[in-house]
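Worksheet: the structure to be examined is printed underneath.
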Amino acid sequence: MQVIPQPVDILTNEAQWWFIYNSYTSLILQPPIQCSGKTSSPHTMVIADTEAECEGYIIQNNLN
Amino acid sequence: MVFNRESLIGIYDSSLPYPSFWTFSLPASGNTLSNFSIGYTSSKNVRVLWGDGTNDSLATQVVTSHNYTNIKTGLTLVPFDVNRDNIFTKIVCGISSPALSGTVNIAPYSNLTFFSNTNNNITGFTGSQNLSGLLEIYLNNNSLSGNMPTLTNNNVLSRFEAYNNKYINFSGNVSNTLDTFRADSNLLTTTAVNNILAAFVSASRTTGNRVLNLGGSNNAAPTGQGLTDKSSLLGVGWTVTTN
Chain H
1 MQVIPQPVDI LTNEAQWWFI YNSYTSLILQ PPIQCSGKTS SPHTMVIADT EAECEGYIIQ
61 NNLN
Chain U
1001 MVFNRESLIG IYDSSLPYPS FWTFSLPASG NTLSNFSIGY TSSKNVRVLW GDGTNDSLAT
1061 QVVTSHNYTN IKTGLTLVPF DVNRDNIFTK IVCGISSPAL SGTVNIAPYS NLTFFSNTNN
1121 NITGFTGSQN LSGLLEIYLN NNSLSGNMPT LTNNNVLSRF EAYNNKYINF SGNVSNTLDT
1181 FRADSNLLTT TAVNNILAAF VSASRTTGNR VLNLGGSNNA APTGQGLTDK SSLLGVGWTV
1241 TTN
């Protein structure tokens, strides 16, 4: 799992799961998805191999 | 079975306008369509005419479902019918098996604020452009193609999602109320991607969710001004995904 603050053109492939959250408010801005492309954000990006990993991170960090 | 307006008039108050029909193309002869469902919010009681000779009168029902049997070849049924279209504020079309095809026109639903038809196989979606009260539109996982809906006049729209379709083009503006837009995994051209990025720069939204996803398989990558616009959006708090 990768946790990337303020990602700039971070490349994901179709197999990876990722989501975006605001580390100050703990709000999830983009729920976990599988989507290839290059993502940039002022928030925090989490990339994992499975949706379950994403959900685990969300629970562990009390994100909502 | 042929289902037409005239066959329905008897059950309606004659002082009301004729109902508008919302039609879907159903599977071929012998198939069964199961779990077809529609959820809605309306200001009045609603009668659902399933088109196979049965109907349900519902008061405050939120979601209703129906299983079709003995569907005839090539028949377009009328699964949903109302006495006045403008009583509806929310419509959610459920997932059937097999998936619904055909087209949907929501223009008659003048007070609609929420429309969702995801995970089906619809090929056309029209009538949203002049519905000024729309807040959310969900069209994900269908077979929509050609031009994306024009959003210029949807002045309070906050969320639009149409990922995993076959849309090619986009033009026009977006409201500065729109803070979540997903069109990933379509067939968007470079011009379309650049137009979308430019529309959001022009809208100048600097608060709220601010998620714009144009990535996924088969969308083109932005070029030139599009890349500049992507950077501009990042600078005002947007999360942007492109190819």
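Here the protein sequences come in this chain order: H and U.
Throughout the first sequence, residue numbering follows my numbering, covering 1 to 64 in sequence.
Throughout the second sequence, residue numbering follows my numbering, covering 1001 to 1243 in sequence.
Here a beta-carbon is modelled for each residue, glycine too, at the ideal position from N, C-alpha and C.
Residues of the stretch 11 to 45 of chain H with a C-beta less than 7 angstroms from any C-beta of chain U: Glu14, Ile20, Leu29, Gln30, Cys35, Ser36, Gly37, Lys38, Thr39, Ser40, Ser41, Pro42 and His43, listed in chain order. When 8 angstroms is used as the limit between beta carbons, Gly1237/U is near these residues of chain H: Pro42, in chain order. Taking a Cβ-Cβ cut-off of 7 angstroms, the neighbours of Thr1242/U in chain H comprise Gly37 and Lys38, given in sequence order. Residue contact with chain H for Gly1216/U: present (Cβ-Cβ distance below 7 angstroms to some residue of chain H). The alpha-carbon separation between Leu1212/U and Thr1191/U amounts to approximately 16 angstroms.
For the 7 angstroms CB-CB criterion, Asn1218/U and Leu1187/U form a contact.
Taken in chain order, the complete beta strand (DSSP E) segments of 3 residues or longer contained in the stretch 1188 to 1240 of chain U are 1211 to 1213. Sequence-distant Cβ neighbours of Pro7/H in its own chain, meaning closer than 7 angstroms and more than five residues away, are Thr39, Ser40, Ser41 and Met45. For Thr1239/U, the closest alpha carbon among the candidates Met1/H, Trp17/H and Ile28/H is that of Ile28/H. At a C-beta separation below 7 angstroms, Asn1209/U has these neighbours in chain H: Leu29. As a beta-bridge residue in DSSP terms, Thr12/H pairs with Gly37/H. Proximity of chain H to Asn1213/U at the Cβ level (cut-off 7 angstroms) is accounted for by Cys35, in chain order.
By the neighbour-count criterion, in which 16 or more other beta carbons inside 10 Å mark a residue as buried, Asn1120/U falls on the buried side. Per DSSP, the beta-bridge partners of Glu1136/U are Phe1114/U and Arg1159/U. Burial of Val1174/U is indicated by the presence of at least 16 other C-beta atoms within 10 angstroms of its C-beta. Interface annotation, Asp1184/U: in contact with chain H, CB-CB separation under 7 angstroms. With 16 or more neighbouring CB atoms inside 10 Å of its own CB, Asp1184/U falls in the buried class.
Taking the Cα of Gly1237/U as reference, the smallest distance to any Cα among Gly1226/U, Val1193/U and Thr1206/U is reached at Thr1206/U.
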